[in-house]
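Sequential numbering of the sequence shown, starting at 15, is according to my numbering.
A virtual CB, placed ideally from N, CA and C, is assigned to each residue, including glycine.
See structure below.
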Amino acid sequence: MIDEDGCIPTEESLGPLYSWFQGDDTSDNLACSSSPNAFCFFCHFVPGNSGGADADLRAHCRTLIDQKKEVHTIVSSVARIYDRDIRPMVKVVSNGVEIKAPQWSKRKIALHLITSGEFEGLFDQLQSKIFQTMILRLQEKVVRSDGSISDGPRRALLSTMREYNTFKQQWLSEGPPSKRTKR
Ligand SMILES: [Zn+2]
C-alpha cells in the first residue's frame, strides 16, 4: 500500500536483509556460513585441503552451472557424489569431538551454492529463473471472469517483463552480472 505522499509506510519491526555483523549470531542471514552448526563440506574444506576431493566436486559444480542445470539438479548430483565417494573418508572435529562421515544436507549444499559467492554464475541463473517464474505467475491472474483485463495486474506484468528484458539485454551485451567488469 502506498500512502498519500507516495511513500511506502514502514513497519517498526522490519530488520536488515543481510546482517553484516551481529557478534557471533548471524543465524537470520540466508547464508551457508551463518549456520555453522550444520556441516558443509565446501565451507570446511577450503579449495585444495581435502586431498583433491573438494576440487573435483567444485569442478563438477562449475560444469553443471555452465550447462545451465537447475539448482535442485546440481544439489542432487553433489549430494549423491558426496555420499557415495567422499563422505566415508571425511572426519571433522566439532567441540573436541571427532565426527566420522558427517552428513551434508541438501539444504546446506543449496545454501552454499547460492549464497557463498563461490558460484556466482548460479546466482545469475537463479535471478533469471526468478524473473521467469514471476512473469508466469503474474500472467495467470490478469483476466477477469468476463474476459476483461484488470489494469493493476496488467501493469505489474508488463513492468516485470520490461525489467526482465533489460536484465537479459545487459546479460547479452555485457555478460552475466557476476562477470561484468567495472567501468
Ligand atoms: Zn558452505
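Please report how far the alpha carbon of A69 lies from the alpha carbon of V60, in whole angstroms. What you label residue 69 is simply residue 55 of the sequence shown in a count that begins at 1. What you label residue 60 is simply residue 46 of the sequence shown in a count that begins at 1. A69 and V60: Cα-Cα distance of roughly 9 Å.
Assign V60 to one of three DSSP states: helix, strand, or coil. In the sequence shown, counting from the first residue as 1, residue 60 sits at position 46. Note: V60 maps to coil in three-state DSSP.
Please say whether L28 and V286 have beta carbons closer to each other than 8 Å? Residue 286 is absent from the model: the chain starts at 15 and stops at 197.
Cβ shell of V156 (< 7 Å), same chain only, five flanking positions each side left out: Here residue 156 corresponds to residue number 142 of the sequence shown, with the count starting at 1. Same-chain partners within the cutoff: I163, S164, P167, R168 and L171.
Any heavy atom of ligand 1 within a distance shorter than 7 Å of the CB on H74? Start at 1 with the first residue of the sequence shown, and residue 74 comes out as number 60. False, no ligand heavy atom lies under 7 Å from that Cβ.
Pop quiz: I123 and V92 are said to be a contact at Cβ under 8 Å. What is the actual Cβ separation, rounded to whole angstroms? Against the sequence shown, residue 123 aligns to sequence position 109. Against the sequence shown, residue 92 aligns to sequence position 78. With 8 Å as the limit, I123 and V92 qualify as a contact, their Cβ atoms being about 5 Å apart.
Could you check if S47 belongs to the surroundings of ligand 1, using beta carbon to heavy atom distance under 7 Å? For this step, residue 47 is matched to residue 33 along the sequence shown. True, at least one ligand heavy atom lies under 7 Å from that Cβ.
K114 in three-state terms, based on DSSP: Position 100 of the sequence shown, counted from the start, is the residue given in the question as residue 114. Strand.
Does DSSP put V106 in a helix, a strand or coil? As a working note, residue 106 is residue 92 in the sequence shown. Collapsing the DSSP output to three states places V106 in a strand.
Note down the Cα distance separating L125 from S159, rounded to an integer number of angstroms. As a first step, residue 125 must be located in the sequence shown, where it is residue number 111. As a first step, residue 159 must be located in the sequence shown, where it is residue number 145. Their backbone Cα atoms lie some 41 Å apart in a straight line.
Measuring straight from C-alpha to C-alpha, what distance separates A67 and S119? For this step, residue 67 is matched to residue 53 along the sequence shown. For this step, residue 119 is matched to residue 105 along the sequence shown. C-alpha separation (whole angstroms): 17 Å.
Report all residues from its chain with a CB closer than 7 Å to the CB of V106; omit the five preceding and five following residues, and keep chain order. One-based indexing of the sequence shown puts residue 106 at position 92. Hits under 7 Å: F53, H58, I113 and P116.
What did DSSP end up calling V85 once you bin it into helix, strand or coil? Residue 85 sits at position 71 when you count from the first residue of the sequence shown. V85: helix per DSSP, three-state reduction.
Pairwise C-alpha distance: Y96 and F56: As a first step, residue 56 must be located in the sequence shown, where it is residue number 42. As a first step, residue 96 must be located in the sequence shown, where it is residue number 82. Whole-angstrom Cα-Cα distance: 11 Å.
R197 versus R101 - alpha carbon distance: Mapped onto the sequence shown, residue 197 falls at position 183. Mapped onto the sequence shown, residue 101 falls at position 87. Because the pLDDT at R197 is just 49, under 50, the model does not fix this residue reliably, and the value given afterwards should be weighed accordingly. Cα to Cα, R197 sits roughly 44 Å from R101.
If you reduce the DSSP assignment to three classes, tell me which class R197 lands in. Taking the sequence shown and counting its residues from 1, one reaches residue 197 at position 183. Caution is warranted here: a pLDDT of 49 is assigned to R197, below 50, making its placement in the model unreliable, and no coordinate value can be reported.
Measuring only from the beta carbon, is S130 closer than 7 Å to any heavy atom that is part of ligand 1? Within the sequence shown, numbered from 1, the residue matching residue 130 stands at position 116. Flag set: Cβ of S130 near ligand 1.
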